[in-house]
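Residue numbers (our numbering): 458 to 842.
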Amino acid sequence: MRDLPEIFDSFSEARRQGFLAMKSLKEQGYNVAGTFCSYVPVELFIAADIVYVGLCSTSEETIPEAEKTLPRNLCPLIKASYGFAITGKCPYMYFSDIVVGETTCDGKIKMYEYLGKIKDTHVMELPHTQNKETSRALWLNEIRLLQKKIEEKFNIKIDETKLREAVKKRNKERALLKKMYELSTTSPPPMTGLQQLQILYGAQYRFSHEEKIHELEETIDRIKKEYAEGSRPVSKKAKRIVITGCPMGGATEKIVRIIEESGGVVAAYENCTGAKQYDRQVAETGDPYEALCDYYLAIGCSVMSPNPNRLELLGRLCEQFSADGVIEMTLQSCHTYAVETRAVQEFLNNRNTPFLSLETDYSPGDTAQLKTRIAAFIETLQHRQ
Ligand code: BJ8
458 MRDLPEIFDS FSEARRQGFL AMKSLKEQGY NVAGTFCSYV PVELFIAADI VYVGLCSTSE
518 ETIPEAEKTL PRNLCPLIKA SYGFAITGKC PYMYFSDIVV GETTCDGKIK MYEYLGKIKD
578 THVMELPHTQ NKETSRALWL NEIRLLQKKI EEKFNIKIDE TKLREAVKKR NKERALLKKM
638 YELSTTSPPP MTGLQQLQIL YGAQYRFSHE EKIHELEETI DRIKKEYAEG SRPVSKKAKR
698 IVITGCPMGG ATEKIVRIIE ESGGVVAAYE NCTGAKQYDR QVAETGDPYE ALCDYYLAIG
758 CSVMSPNPNR LELLGRLCEQ FSADGVIEMT LQSCHTYAVE TRAVQEFLNN RNTPFLSLET
818 DYSPGDTAQL KTRIAAFIET LQHRQ
């Protein structure tokens, strides 16, 4: 039986070994779809038996190449995504038969125009308000248009039965990932925030549904068992942090590392790396298209205006995970998250929850500065009653 560190490492390994896994899937005849965002309804890919994958965008490696075309003053996630596309260094991008983008933020929308010259890129038009009938109608139509695109490109038919099965499959994965991160509601948590991130991030690169389910169940059981037997990887004194803001993983793990080296522990991720993707379920009854439309449109991303769902989820996580403080990670030049910082600050002030907002990019250049700010924040938490 594998021990826990081995299990955590296997999730990181899944991403590193992705090239071979993808190559083998392609050789078996699978089609591959690449995505960049939580708004893309992946159930359509599952229903069509298409392998889907989040595209590489968490490392600075290819940013200099991207900056030959894109402005330097652009979010690193967008530059990295494009950089990996033009250099062919991302195996997932390389093997993708189609890339599905979305009109979330201006930088991405314009980047997709260039990406479309290299890859077959289908862009879904995402409305930026959630509660208008017109928004709902637009998004419902966009889901149907994506289905049409998939059916035509791959010469397959997605019927309602397949779509309902896909909804159930993805819901099961969501439920298990939620169950896994909710283990960290205990005091102290049974895993570090880095280990939790390893699972959340790495699980995206397990391409077989059955293997993913099996591995998540095994992981949850092992974590529970070791905790019950007295294993305590985190100090009870560690200050409990909820992370919010832009998606994490790769280069931005530096923030989690610094928090955990400074006397804190990341108990929960509100962002797209965590609860934003896994907190809710798609309705399994009724019209599956409407269920997908309602589920995805309600994601609380800062590209929505207004965006009450982010605050609702954040407040709930603070409560559930007994947060001592919230740290926001905003990527440089991400205007929607940067503007929303003030609303998050006010919301948390009203709850009397300490808040620190950090802006960063994918380079290690600001590590010393981040250390100073995070250490000072955690120090203040240690002096609160
Ligand atoms: S649902 S968080 S994955 S858009 S690319 S908005 S960082 S400037 S990633 Fe995101 Fe979907 Fe929202 Fe989640 Fe800012 Fe950069 Fe734009 Fe970004």
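Ideal placement from N, C-alpha and C gives every residue a C-beta, glycine not left out.
Rounded to a whole number of angstroms, what is the C-alpha to C-alpha distance between residue i and residue j?
i: Thr561; j: Lys693; result: 40 Å
i: Met581; j: Lys565; result: 12 Å
i: Glu522; j: Lys614; result: 39 Å
i: Phe778; j: Ser665; result: 31 Å
i: Ala800; j: Leu482; result: 44 Å
i: Arg601; j: Glu617; result: 12 Å
i: Ala833; j: Leu827; result: 10 Å
i: Ile716; j: Thr591; result: 43 Å
i: Tyr569; j: Thr787; result: 22 Å
i: Cys547; j: Phe476; result: 8 Å
i: Ala724; j: Thr642; result: 7 Å
i: Tyr638; j: Glu630; result: 12 Å
i: Gly491; j: Leu603; result: 13 Å
i: His579; j: Gly558; result: 6 Å
i: Glu686; j: Met761; result: 45 Å
i: Ala748; j: Arg627; result: 13 Å
i: Gln839; j: Arg737; result: 33 Å
i: Val489; j: Gly511; result: 11 Å
i: Glu599; j: Lys589; result: 16 Å
i: Ser843; j: Cys729; result: The structure shown does not extend to residue 843, since the chain spans only 458 to 842, so no value can be given for it.
i: Phe552; j: Tyr658; result: 20 Å
i: His792; j: Gln485; result: 42 Å
i: Ile677; j: Leu461; result: 10 Å
i: Asp554; j: Asp823; result: 37 Å
i: Leu805; j: Leu770; result: 12 Å
i: Ala825; j: Ile575; result: 38 Å
i: Lys625; j: Arg529; result: 42 Å
i: Ala594; j: Tyr752; result: 14 Å
i: Gly545; j: Glu518; result: 12 Å
i: Ser469; j: Met550; result: 19 Å
i: Val722; j: Pro821; result: 21 Å
i: Ser467; j: Glu667; result: 16 Å
i: Gly650; j: Glu463; result: 16 Å
i: Gly757; j: Glu609; result: 32 Å
Could you pull out every residue in the same chain whose Cβ sits closer than 7 Å to the Cβ of residue i, ignoring the five residues on either side in sequence?
i: Tyr571; result: Thr526 and Tyr539
i: Ala505; result: Ile607, Phe611, Ile613 and Ile615
i: Lys669; result: Glu630, Ala660 and Arg663
i: His585; result: Val760, Met761 and Ser762
i: Ser516; result: Ala537, Gly707, Ala708 and Tyr819
i: Gly702; result: Asn728, Glu785, Met786, Thr787 and Tyr794
i: Glu863; result: Since the displayed the chain opens at 458 and closes at 842, residue 863 lies outside it and no answer follows.
i: Glu797; result: Ser759 and Asn764
i: Ala623; result: Glu500, Ile503 and Ala504
i: Ala542; result: Met550, Leu572, Ile575 and Lys576
For residue i, which residues in the same chain have their Cβ closer than 6 Å to its Cβ, ignoring the five residues on either side in sequence?
i: Phe465; result: Gln652 and Gln655
i: Tyr487; result: Val508
i: Ile520; result: Lys536, Ala537 and Gly540
i: Leu633; result: Leu673
i: Ile784; result: Ile698, Ile700 and Leu813
i: Pro647; result: Leu640, Ile680 and Tyr684
i: Ser719; result: Ile831, Ala832 and Ile835
i: Val499; result: Tyr509
Since residue i contacts residue j with CB under 8 Å, what's their CB separation in whole angstroms?
i: Leu774; j: Glu803; result: With a Cβ gap of about 18 Å, Leu774 and Glu803 do not count as contacting.
i: Arg663; j: Glu675; result: Incorrect: roughly 12 Å between the Cβ atoms, too far for contact.
i: Gly782; j: Lys696; result: 6 Å
i: Tyr746; j: Leu583; result: Not confirmed; about 16 Å, so no contact.
i: Ser495; j: Lys682; result: 32 Å between Cβ atoms; not a contact.
i: Tyr735; j: Lys635; result: 5 Å
i: Tyr819; j: Ala708; result: 4 Å
i: Leu534; j: Ser514; result: 5 Å
i: Val691; j: Pro645; result: 4 Å
So, for residue i: in the same chain, excluding its five sequence neighbours on each side, which residues have a beta-carbon less than 8 Å away from its beta-carbon?
i: Thr621; result: Correcting the residue identity first, residue 621 is Arg in this sequence and not Thr. If we look at Arg621 and ignore the five residues flanking it on each side, its Cβ neighbours are Glu741 and Pro745.
i: Ala780; result: Arg697, Ile698, Val699, Ala724, Ala725, Leu774 and Thr810
i: Ala755; result: Gln587, Arg737 and Asn766
i: Lys480; result: Pro548 and Phe552
i: Gln789; result: Cys532, Pro533, Glu816, Thr817 and Asp818
Under 7 Å from any heavy atom of the ligand GDP, does the C-beta of residue i make it?
i: Glu686; result: Ligands present in the displayed structure are limited to the ligand BJ8, and the ligand GDP is not among them.
Please list, in chain order, all residues with a C-beta atom less than 6 Å from at least one heavy atom of the ligand BJ8. Those residues having their beta-carbon less than 6 Å away from any non-hydrogen atom of the ligand BJ8 are, in chain order, Cys494, Ser495, Tyr496, Cys532, Leu534, Ile535, Thr561, Cys562, Gly564, Lys565, Cys703, Pro704, Cys729, Ile756, Cys758, Val760, Leu788, Cys791, Thr793 and Tyr794.
Segments of 4+ residues assigned as alpha helix (DSSP H) that fall wholly inside the region 756-783: 765-777
Which complete beta strand (DSSP E) runs does the region 466-523 hold, if anything under 3 residues is left out? 489-492 and 508-511
Which runs of the beta strand (DSSP E) at least 3 residues long sit entirely within the region 633-721? Give them in chain order. 696-702
Scan the region 559-622 and note each continuous alpha helix (DSSP H) run of 4 residues or more that stays entirely inside, going in chain order. 563-572 and 590-611
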